[in-house]
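S.K.: In the UniProt record's numbering, the protein residues as written are 1 to 344.
I am attaching a structure below and will ask some questions about it afterwards.
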């Protein structure tokens, strides 16, 4: 019923957002702040979908029984303590039967539930539109520099000083390099990353600059929108520099977890064989086997990371005015200097 529908723009008026899709669908992506109350489990959705191809009526009957049982379970547990004034917004894939069933029952109980018009599919269209439009709204300052120079540390220091920061590697759960995967934290899906990126962008004000690290178009397995890349190419830039010894120390801290699984580390290094040759690989893996962490990272900086940065620099380096900063000392003081220069 149309009077039970709400638009995406109205979502902030509700007490809670309920995603009734399967746990697998929810895990791939969902509206920010939503909770998962599936009316079909992962396995049940497969059963109903398979049966539908053979007998749509029987699939509808079986599915309705499953939905009823799951709804009852949620009403007895997840929603048992909700007050009579509760206003939930409910959605499924397209704003169809699954969310319609839960919305109808909630309203019969006496809650003021509404169904999200267009469901998740409509929300996803809005996210893609925002990815095209939102990046151009802001003025950026890009932190550029070689691997290990402390860009991420400076970005976090800027955030601690009250600056607007866009932590792309944090959103992607990846440091962007061959060795950049986070330990025990897999990357989100592309859809979930897009959702997080839109939420971050929409949290900024246009009155102050947004600080961000220089990135290639891909962070691990995830792609950045072309609209954001275009905005960063025309941004002001800060070149962050640090001594070789400081960079080695940073990498030893950031990648210490790699030495907990030396075989996996060696396998990652082996992927560089075609680029650097078997002799270089053998030397790096010998340093790894000997536990020579600093020597290994120094070799990787000099032989791999710096040459790679020089090759890619025209693509990932923003144009515009640059200043040199060496963040070997107090990064918060460096951040204050940067803000004094670029915050106006």
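All C-beta atoms, glycine included, are put in the ideal place defined by N, C-alpha and C.
Predicted, not measured: the structure shown is a model, and the values here were computed from it.
(1) Residue range of the beta strand (DSSP E) that residue 237 falls in?
(2) How is the beta strand (DSSP E) around residue 19 delimited, first residue to last?
(3) Tell me residue 115's beta-bridge partners as DSSP assigns them.
(4) Residue 170 to residue 343, Cα distance in whole Å?
(5) Going by CA-CA distance only, name the one from 272, 13, 39 and 12 that's closest to residue 22.
(6) Just curious, the alpha helix (DSSP H) that residue 52 is in, first and last residue?
(7) Taking the alpha helix (DSSP H) that residue 302 belongs to, which residues open and close that run?
(8) State yes or no: is the C-beta of residue 193 within less than 8 Å of the C-beta of residue 164?
(9) Quick check: what's the CA-CA separation for residue 335 versus residue 178?
(10) Residue 226 by DSSP, collapsed to three states: which one?
(11) Tell whether a beta-carbon distance below 8 Å holds between residue 41 and residue 131.
(12) Taking 8 Å as the cut-off, does the region 84-97 touch the region 9-16 (at least 3 CB pairs, one atom from each stretch)?
(13) To the nearest angstrom, how far is the alpha carbon of residue 339 from that of residue 291?
(14) Closest to residue 136 by C-alpha separation, out of 273, 288, 115 and 233, would be which residue?
(15) Within 10 angstroms of the Cβ of residue 279, are there 16 or more other Cβ atoms? Answer buried if so, exposed if not.
(16) For residue 96, tell me which candidate among 19, 189 and 142 has the shortest Cα-Cα distance.
(17) Quick check on the burial criterion: 16 or more other C-beta atoms within 10 angstroms. Buried or exposed for residue 202?
(18) To the nearest angstrom, how far is the alpha carbon of residue 243 from that of residue 155?
(19) Is it buried or exposed, residue 3, if we count other Cβ atoms within 10 angstroms and call 16 or more buried?
(20) Examine the Cβ distances between the region 246-253 and the region 296-310 and report whether three or more of them are shorter than 8 Å.
(21) Please report the residue range of the alpha helix (DSSP H) in which residue 352 lies.
(22) Start and end of the alpha helix (DSSP H) containing residue 198?
(23) Under 8 Å by Cβ, that's how I've got residue 240 and residue 144 pegged, so tell me the actual separation to the nearest angstrom.
(24) Any idea if residue 113 is buried or exposed, counting beta-carbon neighbours within 10 angstroms, 16 or more meaning buried?
(25) Are the beta-carbon atoms belonging to residue 271 and residue 148 less than 8 Å from one another?
(26) Closest by CA to residue 219, which one among 209, 181 and 237?
(27) Note down the Cα distance separating residue 256 from residue 85, rounded to an integer number of angstroms.
(28) Skipping 5 residues on each side, what residues in its chain have a beta carbon closer than 6 Å to that of residue 319?
(29) Mind checking whether residue 273 and residue 213 have CB atoms under 8 Å apart?
(30) Alpha carbon to alpha carbon, how far is residue 288 from residue 266? Give it in angstroms, no decimals.
(31) Alpha carbons only, please: which of 204, 209, 207 and 222 is nearest the one belonging to residue 175?
(32) What did DSSP end up calling residue 316 once you bin it into helix, strand or coil?
M.R.: So, from the data block:
(1) What you label residue 237 is simply residue 237 of the chain shown in a count that begins at 1. Residue 237 -> beta strand (DSSP E) spans 236-240.
(2) Here residue 19 refers to the residue found at position 19 when the chain shown is read from its first residue. Run containing residue 19: 16-19, per the beta strand (DSSP E) assignment.
(3) Translated into the one-based positions of the chain shown, residue 115 becomes position 115. In DSSP, residue 115 forms a bridge with 5 and 90.
(4) Counting from one through the chain shown, the residue named residue 170 turns up at place 170. Counting from one through the chain shown, the residue named residue 343 turns up at place 343. Taking the straight line joining both Cα atoms gives about 23 Å.
(5) Position 22 of the chain shown, counting from 1, holds the residue named residue 22. When only C-alpha atoms are compared, the closest one is 39.
(6) To locate residue 52, count along the chain shown from 1; it is residue 52. Residue 52 -> alpha helix (DSSP H) spans 42-54.
(7) Looking up residue 302 in the chain shown gives position 302. Per DSSP, residue 302 belongs to no alpha helix (DSSP H) and is neither H nor E.
(8) As a position in the chain shown, residue 193 is number 193, starting the count at 1. As a position in the chain shown, residue 164 is number 164, starting the count at 1. No, they are not a contact pair.
(9) Looking up residue 335 in the chain shown gives position 335. Looking up residue 178 in the chain shown gives position 178. Their Cα atoms are separated by approximately 28 Å.
(10) Against the chain shown, residue 226 aligns to sequence position 226. Three-state DSSP puts residue 226 in a helix.
(11) Along the chain shown, read from residue 1 onward, the residue named residue 41 stands at position 41. Along the chain shown, read from residue 1 onward, the residue named residue 131 stands at position 131. Not in contact: residue 41 and residue 131 (Cβ atoms no closer than 8 Å).
(12) yes
(13) Start at 1 with the first residue of the chain shown, and residue 339 comes out as number 339. Start at 1 with the first residue of the chain shown, and residue 291 comes out as number 291. Spanning the two alpha carbons is a distance of roughly 40 Å.
(14) As a working note, residue 136 is residue 136 in the chain shown. For the residues 273, 288, 115 and 233, the minimum Cα distance to residue 136 belongs to 233.
(15) For the purposes of this step, residue 279 is taken as residue 279 along the chain shown, with counting starting at 1. With fewer than 16 other Cβ atoms within 10 Å, it is exposed.
(16) The residue you call residue 96 lines up with position 96 of the chain shown. Taking only the C-alpha atoms, the option nearest residue 96 is 19.
(17) For this step, residue 202 is matched to residue 202 along the chain shown. When all chains shown are included, residue 202 counts as exposed.
(18) Taking the first residue of the chain shown as 1, we reach residue 243 at position 243. Taking the first residue of the chain shown as 1, we reach residue 155 at position 155. Their Cα atoms are separated by approximately 18 Å.
(19) Your numbering for residue 3 matches position 3 in the chain shown. Exposed, by the Cβ-count rule.
(20) yes
(21) The chain is shown only over 1 to 344; residue 352 falls outside these bounds and no answer can be derived.
(22) Mapped onto the chain shown, residue 198 falls at position 198. From DSSP, the alpha helix (DSSP H) with residue 198 extends over 190-202.
(23) As a working mapping, residue 240 is identified with position 240 in the chain shown. As a working mapping, residue 144 is identified with position 144 in the chain shown. Going by Cβ atoms, the distance from residue 240 to residue 144 rounds to 7 Å, so yes, they are a contact pair.
(24) Stepping through the chain shown from its first residue, residue 113 is reached at position 113. Buried is the call here.
(25) Sequence index remark: in the chain shown, residue 271 carries index 271 (1-based). Sequence index remark: in the chain shown, residue 148 carries index 148 (1-based). In this structure, residue 148 does not lie closer than 8 Å to residue 271 by Cβ.
(26) Here residue 219 refers to the residue found at position 219 of the chain shown. Among 209, 181 and 237, the Cα nearest to that of residue 219 is on 181.
(27) One-based indexing of the chain shown puts residue 256 at position 256. One-based indexing of the chain shown puts residue 85 at position 85. Cα to Cα, the separation comes out at about 52 Å.
(28) Along the chain shown, read from residue 1 onward, the residue named residue 319 stands at position 319. Its pLDDT being 48, under 50, residue 319 is placed unreliably in this model, and the value from its coordinates should be taken loosely. Nothing listed; no residue qualifies.
(29) Residue numbering aside, residue 273 sits at position 273 when the chain shown is read from its first letter. Residue numbering aside, residue 213 sits at position 213 when the chain shown is read from its first letter. Cβ atoms of residue 273 and residue 213: not closer than 8 Å.
(30) Counting from 1 along the chain shown, the entry for residue 266 is found at position 266. Counting from 1 along the chain shown, the entry for residue 288 is found at position 288. Going by the C-alpha atoms only, they are around 8 Å apart.
(31) Within the chain shown, residue 175 is the residue found at index 175, counting from 1. Residue 175 has its Cα closest to that of 222, out of 204, 209, 207 and 222.
(32) As a first step, residue 316 is located in the chain shown; it is residue number 316 there, counting from the start. Note that residue 316 scores a pLDDT of 48, beneath 50, so its modelled location is shaky; the value from the coordinates is reported in the next line. Three-state DSSP puts residue 316 in a helix.
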